[in-house]
Structures are given as C-alpha cells and as structure tokens.
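A.B. asks:
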DNA sequence: ACTAATATTCAACGATCGTTGAATATCTGC
DNA sequence: GCAGATATTCAACGATCGTTGAATATTAGT
C-alpha cells in the first residue's frame, strides 16, 4: 500500500528542511545560522542537508525560489484583474499599488505561518548591500517592470526618474512593513501593531499613491 | 616631543578598528564578519580587539554609539531651526521631514566616506527582526518622538495611528534609500543612481509629505 | 525474494570561530 | 634613567563551522 512512499517522503523532508531554513534565515540572516541549527530544527541529520541540496548557499537559493513564483503569479493576476476592470481608461495609482500589495496581505491573512518568515527574509535581503541589488533584481525585476509600466500609464506626465524613485520609496515602505520587526509597536506604545494587516491595507496604498502623484505633478 | 603620544595613538587605533568594523558590518552584517577579518582590515592583531573592546558584541555597540549622538544632534538642530522660522504657526510637513532627512544628505555630501557605511548598517538593522525593534528603539526613539510631535502639530486632524503608520512608511523609504544597495540602478537601467543625493533630496520629502497628508485628510 | 536505487545516519576532515593569558614592546611620570 | 603604566604581539584553548565518504536502513522494480 501507499505507492511511491519514497518520492512523497523525499518532498516532505525537503520541505521540512526548507521550512526550518526559511524561519531561521529570516530571524538571524544567512550568516547568522548554521546548517547544523537548521537541521536540528528540521529534526534530521546534518549531512542530509547535503543530500537534498548542494550547499548552504544552494539551500538558501531554494528557500527563495520555492515561493517566488507563487507570489509573482498572484501579483500579476491581481494587476491583470485591475486592468480588466478598465478596458478603456487606465486604472488609478491606488488600484495598481493595491494589486502590488494586497497579495502579500492576503497570503498573510490566509496562510500566515507559511509566508511570514518569507517576507521577513525578503525585507532583510532588500536592504542588504551585499545581496539586495542582485537578488531582488534577479527574482522580481520582470514583475516590477510590469507594474512600473502600469504606473506610467496611470501617470502620463511623470518623468522616468520620478517614477523609479517613487517605486523605490514604495519598496522601502513595503519591505519594512512586512519585516514585522516590532519597531512600530515600541514607538507607538502599542497604538499600532506590526501584525495588523488590516491597518496596513487601509493606509499603505493611499499613502504611497499620494507620493507618486506628488512627484508626478511637480513643476 | 609629542606629549601624550600614547593617549593619541590609543584613540587612533580604536578608531581604525571601529572604521574597519563599521565597513565590514555594513557590508556583510554582524554574523557575516569575524573579528579576525575586522582586525586584518584594521591592520592590527586579533587580540588587540579585546584590549580595546570587551567582546565582538561590544565592538558592534560602540560602532553604533560612535555616530548616533552626532546624528541625533544635527537632526534636532535642524528641527529647531525650522521651528524658529515659524514662531507663530506650525512648520509644514515638508519642512519637518526635510529636517529629518537633510542632515543625512549633508553628511554624505561633505563626509561621504565616514558616514556611508554607517547608514548602510542602520538600514540593515532597521529591517532585521532580531535587531530592528530593539536597537532602533534604543538609539532613535527620543529623537523620533520629538519629530512625531512636530508632525502632529503640522497635521492637527491626524489620528495617532495614521501618524505612526505614516512615520513607519517614511522610515522604510528612508532606510532603503540610504542602504544604497544599487537596486534602483539595476531596475532603472542607469536612469537613477543610489548615490545621487541631489535626486533624493529633491524627491523624498515631497513624496513622503504627500503621504502624510493623504492619511491625515482621509474621512 | 532479490537487487538496485533511494533515503538517512555516523564519524570525521581541516578551517575558522570568539576569546584569553602570558610575554613583549613602547611610552609616561618622576 | 628608571619604574610603572600602557599598548601590542604571540600562541593557544575549546567550540563550531561547512562539507564529505563510507556505512546503514528503507523502498522500488522485477
């Protein structure tokens, strides 16, 4: 009974390792975690990591790759849904930014355990001089270019430089928010909570869209 | 001749170690750098690190502390200068945000080598779940609260939650921008450069001030 | 049932880690 | 110029690092 136990369990073990690596990398960074700590958390022997992955760096890359396609697909679908609702005119900046951010909020709302560490990891990579420039470009550039194209249509008079800088500010606000460091909890004395996704979705698109428009409509 | 050579050289060596640590921590993070690598770059023996500092962690803390007071002072002075120009009414949001950001731009313009690694380091800490919440609070909370107080006066109808979330988005945009990861250079195909402080100072305060106002004037 | 393939464990490698105590060089105060 | 303080070097500690090869357990194909 139970045909193909081996292939099933292979993926199961592989995912257990990826889960442990994702969580620990997100908490302490790539260099702050050892393969031994990852495998201890995964409940398996150290050398099993090198049976399933080529190296520590390869394990890290697979952690990144595992979810990036799902995320990019959801974002692209959200953008296309918004564009479908505007067959003649262009969508608003809010709608486009909403399509960029709401998949993250939805994933956290429905599958929080699975995605929270992944977003924290991306946040750290994004602001790291060593990894940020290259890795973010590699994984997200096509999708981001697609969103920037949509934003260009929504803001016909914006200059290219203003457009890219606006996106850069968006990216910073977004990644820090999803890093959930607890900073805003401390600073606000409990008024705001890092994990309050409803509070974020009510505010972030408005805040950022206003910024885009402010730069686009400058003299 | 040369009275007090020893005391002078003590500070000189100490600063050489701090410089090396600052640069390497900024590039690869706390765990990504060894004390040996730091001392190699500083051109001194490993054990000298433990003569000048208690531990690796203490060295890291001193790297943080060395510049934080200067930075906070400059920001506070900039804010007070803005407020002095408005004896009766409140300063604008742009002016307040300018006081928060322009000291960073000025330091990079005049003493780039000294400060660029420090800002990169802060950017990484800010979006790290392990360090971000606590360290940023410890070093910057009093100053940030002072700025938020000024912003509250400039936006009399804003809710507390909107105010703190707005600052959070500002903080994300600010730290990613000063992380200078080269991401925007890649994404924009060279149109924008991470190191172009003039481009940043022309855009960031406008962008962020518009965001603050958008949240403050919501129904 | 037997064999080949796959999955997992065991033991160890050389390298590097943070840290320390003792020895040595250099300067200061008298 | 000498004694004591200060700064720097040398050598080493046990622990942990990433990684590997060989041995063992488990499953798959026939």
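Residue numbers (my numbering), protein chains in the order written: chain A, 6 to 224; chain B, 6 to 224. Where a beta carbon is used, it is the ideal one built from N, C-alpha and C, also for glycine.
1) Cutting at 6 Å between CB atoms, please list the residues of its own chain near residue 175 of chain A, excluding the five before and the five after it.
2) Measure the CB-CB distance between residue 79 of chain B and residue 108 of chain B and report whether it falls below 9 Å.
3) Leaving out five residues before and five after residue 179 of chain B in sequence, what residues of the same chain have Cβ atoms less than 6 Å from its Cβ?
4) Express the C-alpha separation of residue 75 of chain B and residue 88 of chain B in angstroms, rounding to a whole number.
5) Spatial neighbours of residue 151 of chain A within its chain, please: CB distance less than 8 Å, with the 5 preceding and 5 following residues excluded, ordered by chain position.
6) Starting from the Cα of residue 77 of chain B, find the closest Cα among B:28, B:63 and B:106 and give me that residue.
7) Applying a beta-carbon distance threshold of less than 7 Å, which residues of chain B neighbour residue 128 of chain A?
8) Whole alpha helix (DSSP H) runs in the stretch 66-152 of chain A with 4 or more residues, listed along the chain?
9) Taking the Cβ atom as the reference point for each residue, do residue 170 of chain B and residue 208 of chain A lie within a distance shorter than 9 Å?
10) Comparing C-alpha positions only, which one of B:63, B:172, B:57 and B:206 sits nearest to residue 149 of chain B?
11) So residue 210 of chain A is in the alpha helix (DSSP H); what residue range does that whole segment cover?
12) So residue 45 of chain B is in the alpha helix (DSSP H); what residue range does that whole segment cover?
13) Could you give the first and the last residue of the continuous alpha helix (DSSP H) run that contains residue 56 of chain A?
14) According to DSSP, is residue 28 of chain B helix, strand or coil?
15) Quick check on the burial criterion: 16 or more other C-beta atoms within 10 angstroms. Buried or exposed for residue 92 of chain B?
16) Give the DSSP-derived three-state secondary structure of residue 189 of chain B in the structure shown.
17) What's the call for residue 188 of chain B, buried or exposed, on a 16-neighbour Cβ count within 10 Å?
18) With 16 other CB atoms within 10 Å as the buried threshold, where does residue 114 of chain B fall?
19) Check whether the stretch 60-73 of chain B touches the stretch 18-37 of chain B, counting contact only when three or more Cβ pairs, one atom from each stretch, lie closer than 8 Å.
C.D. replies: So, to answer that:
1) The residues 213, in chain order, have a CB closer than 6 Å to that of residue 175 of chain A in the same chain once the five nearest residues on each side in sequence are set aside.
2) yes
3) none
4) 20 Å
5) 81 and 84
6) The shortest C-alpha to C-alpha distance from residue 77 of chain B to any of B:28, B:63 and B:106 is the one to B:106.
7) 132
8) List check, alpha helix (DSSP H) in window: 98-115 and 117-131.
9) yes
10) B:172
11) 202-221
12) 40-47
13) 54-57
14) Under the three-state reduction of DSSP, residue 28 of chain B is assigned to helix.
15) exposed
16) Residue 189 of chain B: helix per DSSP, three-state reduction.
17) buried
18) exposed
19) yes
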